[in-house]
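> First the structure, which I've put down as structure tokens, then a few questions once you've had a look.
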Amino acid sequence: PLCVTCGQAHLPEENHLYSYTEEVDDDLICHICLQPLLQPLDTLCGHTFCTACLTNFLVEKDFCPMDRKLVILQTCRKSSILVNNLLDKLMVSCPFTEHCSEVVQRGHLEQHFQTQCKGASHYGLTKERKRRSQDSSPDRGSSLAVAALGPELSAAAAIALMTDEPGLVNPAFSPTSEDSQLYHLIPDGEITCIKINRTDPHENLAIRIVGGSETPLVHIIIQHIYRDGVIARDGRLLPGDMILKVNGMDIKNVPHNYALSILKQPCHVLRLTVLREQRYRCRNSGLSLDAHCNRDDSFHVVLNKSSPDEQLGIKLVRKANEPGVFIFNLLEGGVAARDGQLQENDRVLAINGHDHRYGSPESAAQLIQASEKQVHFVVSRQTRQQTPDILQETGWSYGGSNPQPCLTERNNPGKSIFHAVTCHEKVVAVWKDHTESLGMTVAGGASNREWDLPIYVMSVEPGGVISRDNRIKTGDILLNVNGIDLMGVSRSEAVALLKNTNSSVVLKALEMRACEAQEERGRLPASEATQATSESSEWSPSWVMWLGLPRYLYSCKEIVLRRNTSGSLGFSIVGGYEEHTGNKPFFIKSVVGGTPAYNDGRIRCGDILLAVNGRNTSGMMHACLARMLKELKGKITLTIVSWPGTFL
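Counting from 1, one number per residue, gives the positions in the sequence shown under full-length UniProt numbering.
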């Protein structure tokens with residue numbers, strides 16, 4: 001299909017194609033593709049190239065094409081707004097010469113297709129743009145595709161609309177000192193397609209992922225990126241990025257294990273469609289992404305003014321029980337009423353890219369009046385759409401200031417928040433010669449560096465004591481050995497206890513079972529429970545398996561953050577109680593660089609927030625917790641359970 005931005009046929013990750021009518025200054029030429037610059041990047045040695053050109057060049061090389069000095073993609077910077085303006089003003093001819101002879105500025109060509117060009121209409125380009133929006137196609141030039149991601153996408157991600165109207169926060173041209181290392185390579189709030197090359201198609205990506213349609217996170221989110229891995233070497237992705245498509249396969253709203261099966265397919269060229277949420281820095285509200293819209297749907301509306309002074313015919317009001325600005329009524333015959341997309345009681349989330357979730361009617365009116373031609377709205381509408389209810393009522397128990405494992409409901413070991421998984425306790429007695437080892441490898445344990453995990457069986461040696469007995473399986477959680485509790489011990493301590501056994505060994509273990517009838521063994525499906533690397537057959541648990549553990553195995557930790565009156569905690573949350581979906585735990589969805597949460601270093605995407613300043617979050621509505629997080633000042637204590645994401 002033709003590109004909706006340039007009108008030419010090319011792959012999504014390739015540069016746009018234009019027909020320039022005048023000779024272009026050599027300083028505005030990319031010396032890789034020898035074409036005028038597109039999305040220009042500056043190297044530290046002072047040269048400028050197209051983002052796509054330089055990225056592809058550095059896949060095989062590590063030097064500047066001009067002076068052969070060392071270049072690392074992460075150290076490159078987006079060119080100044082002046083350079084981008086000069087490029088946007090280059091004159092190009094409409095590619096549909098049979099129907100149109102217009103010559104326009106490059107930056108206005110896409111608008112020309114949508115409003116004036118008969119050729120674009122003839123070739124179905126307007127329809128193609130609408131279709132791509134509905135399919136969430138990774139068209140870099142169509143920022144409005146963000147709105148097509150559907151109600152499960154938080155409103156914050158849809159707010160960064162690429163307009164020229166007042167109020168736009170454009171991170172591409174205003175990076176902060178804290179966040180400018182990597183995120184500029186993938187624009188906030190835009191769907192982006194990136195291509196990653198692998199010499200070995202089976203090489204691990206070296207990332208951990210969380211999320212899935214069975215959890216409040218809904219999307220697949222990168223939790224952690226390991227150094228020197230494929231993704232780290234590419235340098236463009238960050239923890240918190242959402243993966244929407246893999247080689248064209250849509251994984252926006254799929255179960256965790258289905259996404260794993262897609263991501264683990266071997267390939268030399270991996271094409272990922274990703275979205276990075278807009279990182280807002282609310283100077284006055286003291287909240288950065290702490291409050292996502294709690295309504296069920298969000299969408300984008302554009303209203304066109306015939307003159308700068310024309311009124312839209314919208315009356316905006318506040319509500320006593322919900323933050324933000326709402327449409328009270330529409331003036332009959334006004335612009336909004338004629339357009340027909342906005343309705344009474346719609347909540348205004350953003351105006352011209354400006355976050356307005358906690359705005360006032362007065363500030364909204366100022367933004368609307370400042371717009372000369374178009375006003376972009378992101379609004380949410382209350383619907384009764386049902387969402388998956390895989391996570392059952394949590395019933396978290398929190399015992400004050402003691403960040404120890406949650407010991408409530410020890411008598412009900414089979415109960416977990418993840419109803420697709422059940423747990424079965426078993427006691428196994430084995431006999432061995434005093435010179436024999438048990439023949440199994442264990443992992444997990446208390447750790448000061450990453451996660452505090454239960455001790456689990458990572459592998460069983462064929463022909464060994466455990467293998468011959470055949471009751472302890474790979475993936476089983478070891479609760480105690482010969483009556484000695486293994487909860488809270490380190491891996492080395494657990495290994496010492498297992499080695500220091502006589503001929504009789506009694507193991508108490510927890511076996512995880514899947515509810516799926518199609519699984520003949522009754523254990524977790526291979527795609528869920530068995531994560532094996534290409535270099536090792538050792539078993540690795542998935543993130544959803546950890547969610548399935550009973551709560552007495554959860555190791556809670558307390559994190560103390562400090563915030564002044566104008567700062568932000570710097571994380572976003574999803575989940576909470578809703579009337580038609582019930583009670584769900586609160587998950588950390590993203591962490592913003594340069595904030596207290598980010599600087600602490602222990603809060604990750606996919607963590608579960610159990611309590612705030614000792615107050616249990618179970619049963620809270622999303623808006624209630626968001627408001628509390630916004631209003632708290634000074635010392636704030638978060639009680640969190642953290643599980644490692646699934647390794648890829």
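Don't be surprised by glycine CBs; every beta carbon is placed ideally from N, CA and C.
Are there 16 or more other CB atoms within 10 angstroms of the CB of His-434, so buried, or fewer, so exposed?
Locating residue 434 in the sequence shown gives position 434, counting from the first residue. Per the 10 Å Cβ criterion, exposed.
> Starting from His-108, trace the alpha helix (DSSP H) in both directions and tell me its first and last residue.
Counting from 1 along the sequence shown, the entry for residue 108 is found at position 108. Careful: His-108 lies outside any alpha helix (DSSP H) and carries neither H nor E.
> Is the CB-CB distance between Arg-198 and Leu-260 below 8 Å?
Here residue 198 is taken as the residue at index 198 of the sequence shown, counted from 1. Here residue 260 is taken as the residue at index 260 of the sequence shown, counted from 1. In this structure, Leu-260 does not lie closer than 8 Å to Arg-198 by Cβ.
> Report the three-state DSSP secondary structure of Ala-206 (helix, strand or coil).
By one-based count along the sequence shown, residue 206 stands at place 206. Looking at Ala-206 - three-state DSSP - the assignment turns out to be coil, as it is neither helix nor strand.
> For Met-242, does the three-state DSSP call read helix, strand or coil?
Mapped onto the sequence shown, residue 242 falls at position 242. Three-state result, Met-242: strand.
> Name, in chain order, the residues that DSSP records as bridge partners for Gln-369.
Counting from one through the sequence shown, the residue named residue 369 turns up at place 369. For Gln-369, which the question treats as bridged, DSSP gives no partner whatsoever.
> What does Gln-374 pair with, by DSSP beta-bridge criteria?
Reading the sequence shown from its first residue, position 374 is the one you call residue 374. Asn-304, per the DSSP bridge assignment.
> Per DSSP, Leu-330 forms a beta bridge with which residues?
The residue given as residue 330 occupies position 330 in the sequence shown. BP columns for Leu-330 point to Ile-314.
> How about Leu-82 and Arg-106: do their beta carbons lie closer than 8 Å?
Here the question's residue 82 lines up with position 82 in the sequence shown. Here the question's residue 106 lines up with position 106 in the sequence shown. Contact flag unset, no.
> What number of angstroms, rounded off, separates the C-alpha of Val-495 from the C-alpha of Glu-450?
The sequence position of residue 495 within the sequence shown is 495, counting from 1. The sequence position of residue 450 within the sequence shown is 450, counting from 1. The straight-line gap from Cα to Cα measures roughly 19 Å.
> Assuming contact is defined by CB atoms lying nearer than 8 Å, are Cys-423 and Leu-561 in contact in what I supplied?
As a first step, residue 423 is located in the sequence shown; it is residue number 423 there, counting from the start. As a first step, residue 561 is located in the sequence shown; it is residue number 561 there, counting from the start. No.
> Which of the three DSSP states, helix, strand or coil, is assigned to Val-169?
Indexing the sequence shown from 1 puts residue 169 at position 169. Annotation note: pLDDT 33 at Val-169 (below 50); position unreliable, coordinate value reported separately. Here Val-169 sits in coil by DSSP.
> Reducing DSSP to helix, strand and coil, say where Met-512 ends up.
The residue labelled residue 512 in the question sits at position 512 within the sequence shown. Correct three-state label for Met-512: strand.
> In whole angstroms, what separates the C-alpha of Asn-356 from that of Val-325?
Here residue 356 is taken as the residue at index 356 of the sequence shown, counted from 1. Here residue 325 is taken as the residue at index 325 of the sequence shown, counted from 1. Here residue 356 turns out to be His, not Asn, going by the sequence shown. Looking at the two C-alpha atoms, the distance is approximately 8 Å.
> Considering Cα atoms alone, identify which of Lys-264, Ile-209, Leu-54 is closest to Cys-605.
Along the sequence shown, read from residue 1 onward, the residue named residue 605 stands at position 605. Of the candidates Lys-264, Ile-209, Leu-54, the one whose C-alpha sits nearest the C-alpha of Cys-605 is Ile-209.
> Can you check the UniProt domain "RING-type" (30–68) for any alpha helix (DSSP H) of at least 4 residues that lies completely inside it and give the ranges in chain order?
Counting whole runs of 4 or more residues, the UniProt domain "RING-type" (30–68) contains the alpha helix (DSSP H) stretches 51–60.
> Kindly indicate which three-state DSSP category Trp-546 falls into: helix, strand or coil?
Numbered from its first residue, the sequence shown carries residue 546 at position 546. The answer is helix: DSSP assigns Trp-546 an H, G or I state.
> Pick out the complete alpha helix (DSSP H) segments inside the UniProt domain "PDZ" (427–513), 4 residues or longer, and give them in chain order.
Listed in chain order, they are 465–469, 491–499.
> Excluding sequence positions up to five away, which residues of its chain have a Cβ less than 8 Å from the Cβ of His-10?
Position 10 of the sequence shown, counting from 1, holds the residue named residue 10. Cys-3, His-16, Leu-17.
> Measure from the alpha carbon of Thr-646 to the alpha carbon of each residue in Ile-640, Asp-25, Ser-540, then state which is nearest.
By 1-based counting over the sequence shown, the position of residue 646 is 646. Comparing Cα-Cα distances from Thr-646 to each of Ile-640, Asp-25, Ser-540, the minimum goes to Ser-540.
> Between the beta-carbon of Ala-446 and the beta-carbon of Gly-483, is there less than 8 Å?
Locating residue 446 in the sequence shown gives position 446, counting from the first residue. Locating residue 483 in the sequence shown gives position 483, counting from the first residue. Not in contact: Ala-446 and Gly-483 (Cβ atoms no closer than 8 Å).
> Across which residues does DSSP place Asn-197 in a beta bridge pair?
Locating residue 197 in the sequence shown gives position 197, where the first residue counts as 1. Looking at the DSSP assignment, Asn-197 forms a beta bridge with Val-269.
> Could you give the residue range of the alpha helix (DSSP H) that holds Ser-101?
In the sequence shown, the residue the question calls residue 101 occupies position 101. Careful: Ser-101 lies outside any alpha helix (DSSP H) and carries neither H nor E.
> Look up Cys-117 in the DSSP assignment and say whether it is helix, strand or coil.
Within the sequence shown, numbered from 1, the residue matching residue 117 stands at position 117. Correct three-state label for Cys-117: coil.
> Measure how close the beta-carbons of Val-375 and Asn-352 come, nearest whole angstrom, since I'm counting them as under 8 Å.
Taking the first residue of the sequence shown as position 1, residue 375 is located at position 375. Taking the first residue of the sequence shown as position 1, residue 352 is located at position 352. Going by Cβ atoms, the distance from Val-375 to Asn-352 rounds to 7 Å, so yes, they are a contact pair.
> For the region 210–225 and the region 252–259, state whether three or more C-beta atom pairs, one from each stretch, are separated by less than 8 Å.
As far as the Cβ criterion goes, the region 210–225 touches the region 252–259, which means the pair count is three or higher.
> For my contact list, Leu-331 and Leu-342 are in at a C-beta cut-off of 8 Å; report their separation, rounded to the angstrom.
For the purposes of this step, residue 331 is taken as the residue at position 331 of the sequence shown. For the purposes of this step, residue 342 is taken as the residue at position 342 of the sequence shown. No, Leu-331 and Leu-342 are not in contact; Cβ-Cβ is about 11 Å, not under 8 Å.
> Taking only three categories from DSSP, how would you classify Lys-630?
In the sequence shown, the residue the question calls residue 630 occupies position 630. If DSSP states are grouped into helix, strand and coil, Lys-630 belongs with the helices.
> Would Thr-639 be called buried (16 or more neighbouring beta carbons within 10 Å of its own) or exposed?
Working through the sequence shown from its first residue, we reach residue 639 at position 639. Burial call: buried.
> Out of Arg-381, Thr-581, Ile-603, which one is the CA nearest neighbour of Gly-619?
As a working note, residue 619 is residue 619 in the sequence shown. The shortest Cα separation from Gly-619 among Arg-381, Thr-581, Ile-603 belongs to Thr-581.
> Of the residues Asn-613, Asn-500, Pro-36, which one's Cα is nearest the Cα of Ile-559?
Residue numbering aside, residue 559 sits at position 559 when the sequence shown is read from its first letter. If we check each option's Cα against that of Ile-559, Asn-613 comes out closest.
> Taking only the alpha-carbon atoms, compute the straight-line gap between Tyr-577 and Met-621 and give it to the nearest angstrom.
Within the sequence shown, the letter at position 577 stands for residue 577. Within the sequence shown, the letter at position 621 stands for residue 621. The alpha-carbon atoms of Tyr-577 and Met-621 are separated by roughly 5 Å.
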